[in-house]
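*Asks:* Line by line, the protein sequences give chains A and B.
Position 12 (the first sequence) corresponds to 11 in numbering that gives the first Met the number 0; numbering is contiguous.
Position 17 (the second sequence) corresponds to 16 in numbering that gives the first Met the number 0; numbering is contiguous.
Note that the Cβ used here is the ideal one computed from N, Cα and C, for glycine as well.
2 protein chains.
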Amino acid sequence: MVKRNYYTCDMRGMLSFLILFLLSKKSMHGQEIANELGKRKGIKPSPGTIYPALKGLNEAKLIKETKSGKIIKYSLTPIGKRVLAIAKRKFCQMFMDVIA
Amino acid sequence: MVKRNYYTCDMRGMLSFLILFLLSKKSMHGQEIANELGKRKGIKPSPGTIYPALKGLNEAKLIKETKSGKIIKYSLTPIGKRVLAIAKRKFCQMFMDVIA
DNA sequence: TACCACGTATTGGACGTCCGATATATTTAA
DNA sequence: TTAAATATATCGGACGTCCAATACGTGGTA
Numbered sequence: 000m001v002k003r004n005y006y007t008c009d010m011r012g013m014l015s016f017l018i019l020f021l022l023s024k025k026s027m028h029g030q031e032i033a034n035e036l037g038k039r040k041g042i043k044p045s046p047g048t049i050y051p052a053l054k055g056l057n058e059a060k061l062i063k064e065t066k067s068g069k070i071i072k073y074s075l076t077p078i079g080k081r082v083l084a085i086a087k088r089k090f091c092q093m094f095m096d097v098i099a
Numbered sequence: 000m001v002k003r004n005y006y007t008c009d010m011r012g013m014l015s016f017l018i019l020f021l022l023s024k025k026s027m028h029g030q031e032i033a034n035e036l037g038k039r040k041g042i043k044p045s046p047g048t049i050y051p052a053l054k055g056l057n058e059a060k061l062i063k064e065t066k067s068g069k070i071i072k073y074s075l076t077p078i079g080k081r082v083l084a085i086a087k088r089k090f091c092q093m094f095m096d097v098i099a
């Protein structure tokens, strides 16, 4: 039961990192996130991929859920914003020249 | 025993992808690769991280090994270069605006 | 009411990444 | 010729990502 470290941006946390990034641009519900990931990746991820990641981010208080009807809107918490900023710096350090 | 797909660049293959990228700039041996990853990531990866990845890439014929003494030099094969080009396109599609 | 569409959610199993510990081989230094 | 340093390699276990299948809940429609 060790708490997960979302700061380190190693290769294992890339999905969660990308979700944080997407939510930093716009609050979304699960299916919207899945669709956006699908556009980037080419294939829309399964519910078994996306919801566990959202659950983890929520439990770590990096995102919060706002339910209205059957739809749950996800948005970044202040902590989430700080963590994302750090992870983004690490990401750039790692992949800067790959994109250039 | 399903053959691994190095083309798809999903979140699981990021280490192998980055290794391919590093080798596209310069042939290196294992420790050099580990050091370069360490510089980018902040922490030098363990042998238990790096060598299995190199083994997989070698078995998939994306890299080749040239041994001289105790040192094994890794370099991209023609297939490796093609796979990297495709993976790089996918990577950019996925993360372009994260870096910008 | 019954039904359908859709968003949310879990399960199971496979796979890739990750570390620390351990081991082997080769080169260099004492 | 020992000893130390370095490069390579595997093991075990944990974790995060991934899909397909399954299921539940809510809202709207027939």
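List the residues of chain A that glutamine 92(B) touches, going by C-beta distances under 7 Å, in chain order.
*Replies:* Arg39
*Asks:* Kindly identify the DSSP beta-bridge partner or partners of threonine 65(A).
*Replies:* Beta-bridge partners assigned by DSSP to threonine 65(A): Lys72(A).
*Asks:* For isoleucine 98(B), return the contacting residues in chain A, with the cut-off set at a CB-CB distance below 8 Å.
*Replies:* Phe90, Cys91, Phe94, Met95 and Ile98
*Asks:* Do the segment 25-40 of chain B and the segment 68-78 of chain B make contact, defined as three or more Cβ pairs closer than 8 Å?
*Replies:* yes
*Asks:* For the alpha helix (DSSP H) holding serine 45(B), just list the boundary residues, first then last.
*Replies:* Element bounds for serine 45(B): n/a, residue is neither H nor E.
*Asks:* Strictly below 8 Å CB to CB, what residues from chain A border leucine 14(B)?
*Replies:* Met10
*Asks:* Report the residue from Arg11(A), Lys87(A) and Lys24(A) whose alpha carbon sits nearest the alpha carbon of leucine 48(B).
*Replies:* A quick correction: the sequence has threonine, not leucine, at residue 48(B). That would be Arg11(A), whose Cα lies nearest to the Cα of threonine 48(B).
*Asks:* Say whether chain A places a C-beta atom closer than 8 Å to the C-beta of lysine 87(B).
*Replies:* Yes, contact with chain A.
*Asks:* Since I believe glycine 79(A) is in contact with serine 15(A) (beta carbons under 8 Å), could you give me their beta-carbon distance rounded to a whole number of angstroms?
*Replies:* Contact between serine 15(A) and glycine 79(A) is absent: CB atoms are separated by about 11 Å, not below the 8 Å threshold.
*Asks:* Spell out the partners DSSP gives methionine 27(A) in its beta bridges.
*Replies:* Tyr73(A)
*Asks:* Are isoleucine 98(B) and cysteine 91(A) close, meaning C-beta to C-beta below 8 Å?
*Replies:* For isoleucine 98(B) and cysteine 91(A), yes; Cβs fall inside 8 Å.
*Asks:* Taking all protein chains shown into account, decide if isoleucine 6(B) is buried (16 or more other Cβ within 10 angstroms of its Cβ) or exposed.
*Replies:* Reading off the sequence shown, one finds tyrosine at residue 6(B), where the question assumed isoleucine. So tyrosine 6(B) ends up on the exposed side.
*Asks:* May I ask you to report which of helix, strand or coil DSSP gives asparagine 57(A)?
*Replies:* helix
*Asks:* Please identify the residue among Val82(A), Ile62(A) and Phe94(A) whose C-alpha is closest to the C-alpha of lysine 87(B).
*Replies:* Phe94(A)
*Asks:* Can you tell me whether asparagine 4(A) is helix, strand or coil according to DSSP?
*Replies:* Asparagine 4(A): coil per DSSP, three-state reduction.
*Asks:* With burial defined as no fewer than 16 other Cβ atoms inside 10 Å of the residue's Cβ, what is the status of alanine 84(A): buried or exposed?
*Replies:* exposed
*Asks:* For phenylalanine 20(B), I'd like the list of residues in its chain whose CB is within less than 8 Å of its CB, leaving aside the five on either flank, ordered along the chain.
*Replies:* So the qualifying residues of the chain are Leu83 and Lys87.
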